[in-house]
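Written below as C-alpha cells is the structure these notes are about.
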Amino acid sequence: MSDPKQKVISIKRPNDSTDGKVINYLQSHPFEFGMDLPELVMFTLKVYWLPMTLISLGIRGERLKQTGIWVIGHLEAQISSIRRMCEIDNDPVAINSLIKPHIAITTSPEKASVLGSISQTSQFNSDNDQEDELMQMEIPEELKQANQMLGWHG
Numbered sequence: 001m002s003d004p005k006q007k008v009i010s011i012k013r014p015n016d017s018t019d020g021k022v023i024n025y026l027q028s029h030p031f032e033f034g035m036d037l038p039e040l041v042m043f044t045l046k047v048y049w050l051p052m053t054l055i056s057l058g059i060r061g062e063r064l065k066q067t068g069i070w071v072i073g074h075l076e077a078q079i080s081s082i083r084r085m086c087e088i089d090n091d092p093v094a095i096n097s098l099i100k101p102h103i104a105i106t107t108s109p110e111k112a113s114v115l116g117s118i119s120q121t122s123q124f125n126s127d128n129d130q131e132d133e134l135m136q137m138e139i140p141e142e143l144k145q146a147n148q149m150l151g152w153h154g
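FYI, the numbering for the sequence shown is 1 to 154, going by full-length UniProt numbering.
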C-alpha cells in the first residue's frame with residue numbers, strides 16, 4: 001500500500017482552554033498575510049520546525065542556510081513583537097532561565113524524536129491512533145552540538 005498523497009491533522013480543544021482561546025483568536029482575527037487558519041497553522045509549523053526537518057532529510061549547504069535565514073527573520077520579527085507587546089527587555093539570561101525548564105531535547109546516540117519533549121505538546125490529539133507515534137530519526141552532530149551550546153542536555 002502506498003503512502004497517502006495528503007497528510008491530514010485535526011486539532012480539537014475546549015473553547016475555554018488556553019489552546020482553544022488561541023484557536024478562536026486566530027480564527028477571528030484576519031492577518032495581513034492573507035492566510036486562512038490552516039495556512040497560518042502550517043506557516044507557523046514551518047517557521048518553527050522546517051530547518052530540523054530539512055536536516056533530518058539530509059539537506060545541507062546553501063538550501064539549508066537560506067531556509068535558516070528565512071526562518072530566523074520570521075522568528076526574530078515575532079520575538080520583537082512579543083517583547084514590545086509584553087514590555088519585555090531584551091535580556092537573554094532571564095529569558096533562557098524561563099525557557100530551559102520547559103524544554104528537554106532527546107539526544108540518544110542512535111535515535112531521537114524530532115520534536116523532543118515539550119511539556120505542553122502532550123495535549124495534541126490525532127484522529128488516527130496509528131499515527132500517534134513520533135517519527136524516530138538520527139540527530140546530526142551539528143544539532144547535538146547546538147543543543148549542548150544552548151544547555152539542552154536530553
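Backbone N, C-alpha and C fix where the C-beta goes; we use that ideal spot for every residue, glycine too.
- In terms of CA proximity to Phe43, Trp70 leads the group Trp70, Met85, Ile55, Asp19.
- Contact between Leu40 and Leu26 holds, with the beta-carbon distance rounding to 6 Å and staying under 8 Å.
- As the crow flies, the alpha-carbon of Leu37 is around 11 Å from that of Val22.
- Annotation: Pro14 to Gln66 spans about 38 Å, alpha carbon to alpha carbon.
- Non-local C-beta neighbours of Met35 in its own chain, meaning closer than 7 Å and more than five positions away in sequence, comprise Phe43, ordered along the chain.
- Under the rule that a run must span 4 or more residues, the alpha helix (DSSP H) segments found entirely inside the segment 46 to 91 read 61 to 86.
- Met85 has its alpha-carbon roughly 22 Å from the corresponding atom of Leu45.
- By the CB criterion at 8 Å, Ile55 and Leu64 fall inside the cutoff.
- Relative to Asp16, the option among Leu75, Asn24, Ile82 whose CA is nearest is Asn24.
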